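This report concerns only the one structure given below.
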Amino acid sequence: MNGVADFRARELLDLTAHEQAAALRAGEVTARGLAEASIARVRAQEPVLNAYITLMDDEALAMADAADERLRAGNAAPLAGIPIGVKDLLSTRGVKTTAASNMLRDFTPIVDCTVVTKLREAGAVFIGKTNLDEFAMGSSTEHSKFGVTHNPWDLDRVPGGSSGGSAATVAAGGVPLSLGTDTGGSIRQPAACCGIVGLKPTYGRVSRFGVIAFASSLEQVGPFARDAEDAALLLSAIAGLDPLDSTTAPVPVPDYAAMLGRGLDGLRVGVPREFFVDGMEPGVREAVERAIDVFAANGAIIDRDVSLPSVAAALPVYYIIAPSEASANLARYDGVKYGYHADADTMWEEMELTRGQGFGDEVKRRIMLGTYALSTGYYDAYYLKAQKVRTVIRREFAAAFASHDLLLTPTAPTVAFRLGEKVGDPVAMYLNDLCTIPANISGNPAVSIPCGFSEGMPVGLQLVGGMFEEGTLFRAADAYGAVAGWKAQRPPIYGERGR
Ligand code: GLN
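See below:
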């Protein structure tokens, strides 16, 4: 690339994906130029951020060249040539997929997951596989076998988790878009910690085929982006019924872009009191209150008299159901079929060593919790009871959406905490997901959007929508973002800033 084109590509990398898409179509930049700029920026930042487990330079450039051909032919999809980061929990054919675990450190899938297939078809350019907590269990990305990811706003703090790498690289301007998964908050909480947009779709909206399973009844793949329009663009590309995942819903994917630009006027917004917990950081509360004022000033109808009493039980319910499902899903890692293998004299010894050395402490903790909750004699007391409470929580959400378009809450009770602060105290770590877990229990879609700062760190505002009402979330996020001026918000580690 020559100097001028190089400069232009770097400038364009600062724009959103939809702006980049327009520049690609106008011939202002090539997909290859954009990919090279993204790779250079990501590589400059990696020594301080550690947002990626695997960089995919060669594949990225090949994908970019293919996108350029389609762009020249004039038949390119909206995401053609757009650089994207992919959480390393999503299977990529021929590219290592580790789940940040010793168990899968050398695992190369022979198939793509459905969302990756869809993005390949759309002409997107994969820059690399992003860092996460091992098997997506955690809220800080500290439980990764490949080292922690640092928050671009403050390198001494966590980026959130489990999709911390995906959030950090978008916040730092390495890529405009990335994919995460959210089982109990793993898209929304890191989005909040890093000051960007992150959306968990309705359960069944996006295929989970080929996504390394943690808790199958709770998780969804979803987008990270710097604005609502980009998040809508990415969700449009990955959503929909998939014959390979029988839990995807036969619900048509609406035109999300058509929901943008409609403002907040007339939206009925409930503010459920249970999400404003004791111990919430005062700065977070203030930022969320100011956001509520903005919603009200722009025509939203705010209802503060909303209660979902059983939401208080969501966290304990989650820590029965998620570990139970995890203990079943992770039973497949026996050192025989694929993944890490330790040699020993007998089969049982081999399995013990393989699982003992392959899994990290947090994963083992979840497997033990789940195995206990599912065991004879305890199943009824724990698992069955948790499922019953789950039904009650679902009904409370459904009732709330009979008279509201949105529920508005903080995304997390605090801003991003310091590295090491909670890693030795699992319960403190779990409590950070208090506000995000309820929407996984109920299945409702929810988005985290930036709503100001506390202690110099970004605060996340959570909007929860009715089932399959992602469009309403995009509408509200887009309108609020226009008022809040997200574009001007850049972390200290941004662009070519690295070591
Ligand atoms: N932090 C939660 C957990 O540790 C949620 C993780 C996730 O959403 N994948 O289980």
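Numbering (my numbering), first residue to last: 708 to 1206. Cβ coordinates follow ideal geometry from the N, Cα and C atoms, glycine included. Just so you know, these numbers come straight off a predicted model, no measurement behind them.
- Taking a contact to require three or more Cβ pairs closer than 8 Å, the segment 1049–1058 and the segment 792–802 do not qualify as touching.
- Remark: the C-beta of Ser-798 is outside contact range of ligand 1, defined as less than 6 Å to any heavy atom.
- Listed in chain order, the non-local C-beta contacts of Pro-908 below 8 Å within the same chain comprise Gln-927, Val-928, Gly-929, Leu-942, Ala-946, Pro-1152 and Glu-1177, local neighbours out to five positions each way being set aside.
- At a Cβ-Cβ threshold of 7 Å, Pro-897 and Gly-867 count as neighbours.
- DSSP links Val-1024 through a beta bridge to no other residue.
- Ranked by how close their Cα comes to the Cα of Pro-785, the residues Gly-1042, Gly-1167, Arg-732 and Gly-986 have Arg-732 in first place.
- Per DSSP, Tyr-1090 lies in no alpha helix (DSSP H) and is assigned neither H nor E.
- For Gly-1172, the three-state secondary structure derived from DSSP is strand.
- For Tyr-759, the enclosing beta strand (DSSP E) stretches over residues 759–762.
- Of the candidates Arg-827, Leu-862 and Ala-1109, Leu-862 places its Cα closest to the Cα of Gly-1163.
- Your pair Arg-864 and Ala-1195 does not check out as a contact, with CB atoms roughly 21 Å apart and the cut at 8 Å.
- By the neighbour-count criterion, in which a residue is buried when 16 or more other Cβ atoms sit within 10 angstroms of its Cβ, Arg-779 is exposed.
- The beta carbons of Leu-1138 and Ser-1155 sit about 17 Å from each other, so the pair does not count as a contact at 8 Å.
- The secondary-structure analysis by DSSP pairs Ala-932 across a beta bridge with Leu-884 and Val-904.
- One alpha carbon belongs to Val-793, the other to Arg-975, and they sit about 35 Å apart.
- Taken in chain order, the complete alpha helix (DSSP H) segments of 4 residues or longer contained in the segment 756–836 are 764–780 and 821–829.
- DSSP places Gln-927 within a strand segment (E or B) once states are collapsed to three.
- Counting along the chain, Arg-717 sits inside the alpha helix (DSSP H) bounded by residues 710–720.
- In the structure shown, Thr-955 falls within a coil segment according to DSSP collapsed to helix, strand and coil.
- Residue environment for Ile-817: exposed (fewer than 16 other C-beta atoms within 10 angstroms of its C-beta).
- The C-alpha of Asp-952 is placed about 9 Å away from the C-alpha of Gly-911.
- Cα atoms of Asp-937 and Leu-719: separation of roughly 15 Å, rounded to the nearest angstrom.
- Relative to the Cα of Thr-1098, the nearest Cα in the group Gly-1150, Ser-1110, Gly-734 and Thr-1116 belongs to Gly-1150.
- One alpha carbon belongs to Thr-723, the other to Val-749, and they sit about 16 Å apart.
- Ranking Ser-1082, Gly-973 and Lys-1095 by CA distance to the CA of Pro-1023 puts Lys-1095 first.
- When the beta-carbon positions are compared, Gly-905 and Ile-894 come within less than 7 Å of each other.
- When rounded, the separation of the alpha-carbon atoms in Leu-967 and Gly-1188 is 11 Å.
- Counting along the chain, the unbroken beta strand (DSSP E) around Thr-1116 starts and ends at 1113–1117.
- The criterion of a C-beta distance shorter than 7 Å is satisfied by Glu-1032 and Ser-923.
- Taking each of Leu-884, Arg-739, Ser-885 and Gly-871 in turn and checking the Cα distance to Gly-892, the smallest one comes out for Gly-871.
- Here Pro-950 is exposed: its Cβ has fewer than 16 other Cβ atoms, across all protein chains shown, within 10 Å.
- Looking at the DSSP output, Asp-861 bridges to Asn-858.
- Apart from the 5 residues on each side of it in sequence, Arg-969 sits with its Cβ closer than 6 Å to the Cβ of Arg-1182 in its chain, given in chain order.
- Taking Ala-879 as the centre and dropping the five residues before and after it, the same chain places the C-beta of Gln-752, Leu-756, Pro-859, Pro-1198, Ile-1200 and Tyr-1201 closer than 7 Å to its C-beta, in chain order.
- Counting only residues of its own chain and dropping the five nearest sequence neighbours on each side, Asp-1010 has a CB closer than 6 Å to the CB of Gly-977.
- Shown here, Ala-964 sits in a helix according to DSSP, grouped into three states.
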